[in-house]
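Numbering (the UniProt record's numbering), first residue to last: 1 to 236.
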């Protein structure tokens, strides 16, 4: 047996994502089919806890949507560049002895994650995405912000995402990692249902205030929540 979190959008409750730890049967082995058996087992267990449907977001997902939404595969444009969420995240880190490493914007996601400079450049300081500085705390804020921006540009993927009530990443271990693509996806859905997506995309300070505090002094929402949920965030 094993345990993994399911991330559930929670638009009315700070911090907008609920983490439900689910126990399930683990299928050992490194073959993709073994991971997929474990994913199926996890989702079946989640369904018994009334969490359904659940989407696995990783390269191991049984659905093409989940594969496309992996941070390694999800891409967005910035100025003249097109880069993955993973490359943007790794390349924007800066440390006491180096960074940001802008050349990582142009390599594969796997190369960016494994670049030795990420681990050998001194103490971590923060992020610089092009000319925009980003604080190191809240600890998942920058990664989530990149993911939100990328999803906002990928309208068809965003629309499909809204049909799910929970998200998983079979490889994510909360004891070893902080950032999680499944959590970022759940945050997107929660902020959409809260009518806040456009606000957080357009205003970084507003986003940091929203996710960093239970009380938001400045509310920009022009649409008042009525309890009637839209079926789509975008029209194509």
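By construction, the Cβ of each residue, glycine as well, lies at the ideal position given by its N, Cα and C atoms.
So, using beta-carbon positions, are residue 170 and residue 39 closer together than 8 Å?
Residue 170 sits at position 170 when you count from the first residue of the chain shown. Residue 39 sits at position 39 when you count from the first residue of the chain shown. Yes; because the gap between Cβ atoms is below 8 Å, this pair is in contact.
Between 25, 26, 180, which has its C-alpha nearest residue 148's C-alpha?
Numbered from 1 along the chain shown, position 148 holds the residue referred to as residue 148. When the alpha-carbon of residue 148 is set against those of 25, 26, 180, the nearest one is in 180.
Compute the distance between the beta-carbons of residue 84 and residue 69, then report whether it is under 8 Å.
To locate residue 84, count along the chain shown from 1; it is residue 84. To locate residue 69, count along the chain shown from 1; it is residue 69. No. Outside cutoff.
Looking at the unbroken beta strand (DSSP E) that takes in residue 21, where does it start and where does it end?
Counted from its first residue, the chain shown places residue 21 at position 21. Start and end: 17-24.
When burial is assigned at 16 or more other CB atoms within 10 Å of the CB, is residue 54 buried or exposed?
Translated into the one-based positions of the chain shown, residue 54 becomes position 54. Residue 54 should be labelled buried.
Mark residue 140 as exposed unless 16 or more other C-beta atoms lie within 10 angstroms of its C-beta, in which case mark it buried.
One-based indexing of the chain shown puts residue 140 at position 140. Classification of residue 140: buried, given that the 10 Å Cβ count is 16 or more.
Do the CB positions of residue 161 and residue 125 come within less than 8 Å of each other?
What you label residue 161 is simply residue 161 of the chain shown in a count that begins at 1. What you label residue 125 is simply residue 125 of the chain shown in a count that begins at 1. At the C-beta level, residue 161 and residue 125 stay beyond 8 Å of one another.
Buried or exposed: where does residue 176 fall if 16 or more other Cβ atoms within 10 Å of its Cβ makes it buried?
One-based indexing of the chain shown puts residue 176 at position 176. Classification for residue 176: exposed.
Keeping to the same chain, check which residues put their C-beta closer than 7 Å to that of residue 86; ignore five residues upstream and five downstream.
Your numbering for residue 86 matches position 86 in the chain shown. 71, 72, 109, 112, 113.
Quick one, which of 206, 60, 91, 81 has its alpha-carbon nearest residue 182's?
The residue labelled residue 182 in the question sits at position 182 within the chain shown. Out of 206, 60, 91, 81, 60 has the C-alpha closest to the C-alpha of residue 182.
Decide if residue 52 is buried, meaning its Cβ has at least 16 other Cβ atoms within 10 Å, or exposed.
Indexing the chain shown from 1 puts residue 52 at position 52. The residue is exposed, with fewer than 16 neighbouring Cβ atoms inside 10 Å.
Just the C-alpha distance for residue 156 and residue 65, rounded to the nearest angstrom, thanks.
Translated into the one-based positions of the chain shown, residue 156 becomes position 156. Translated into the one-based positions of the chain shown, residue 65 becomes position 65. Distance between the alpha carbons of residue 156 and residue 65 is about 10 Å.
Just reading off the alpha helix (DSSP H) that residue 160 is part of, what are its end residues?
Position 160 of the chain shown, counted from the start, is the residue given in the question as residue 160. Looking at the DSSP string, the run of the alpha helix (DSSP H) that includes residue 160 is 155-161.
Which residues does DSSP list as the beta-bridge partners of residue 124?
Position 124 of the chain shown, counting from 1, holds the residue named residue 124. Answer is 95, bridged to residue 124.
Who are the Cβ neighbours of residue 215 in its own chain at under 6 Å, not counting the five residues just before and after it?
The residue given as residue 215 occupies position 215 in the chain shown. For residue 215, the pLDDT reaches just 44, beneath the cut-off of 50, and the residue's location in the model is therefore unreliable, leaving the point undetermined.
Using CA coordinates, which residue listed in 184, 76, 201, 2 is at the minimum distance from residue 15?
By one-based count along the chain shown, residue 15 stands at place 15. Selected option, being the one with the closest Cα: 184.
Can you pull the DSSP bridge partners for residue 132?
As a working note, residue 132 is residue 132 in the chain shown. Answer by DSSP bridge pairing, in chain order: 129.
With distances taken from CA atoms, which of 159, 191, 22 is nearest residue 239?
There is simply no residue 239 to check, as the chain begins at 1 and stops at 236 in what is shown.
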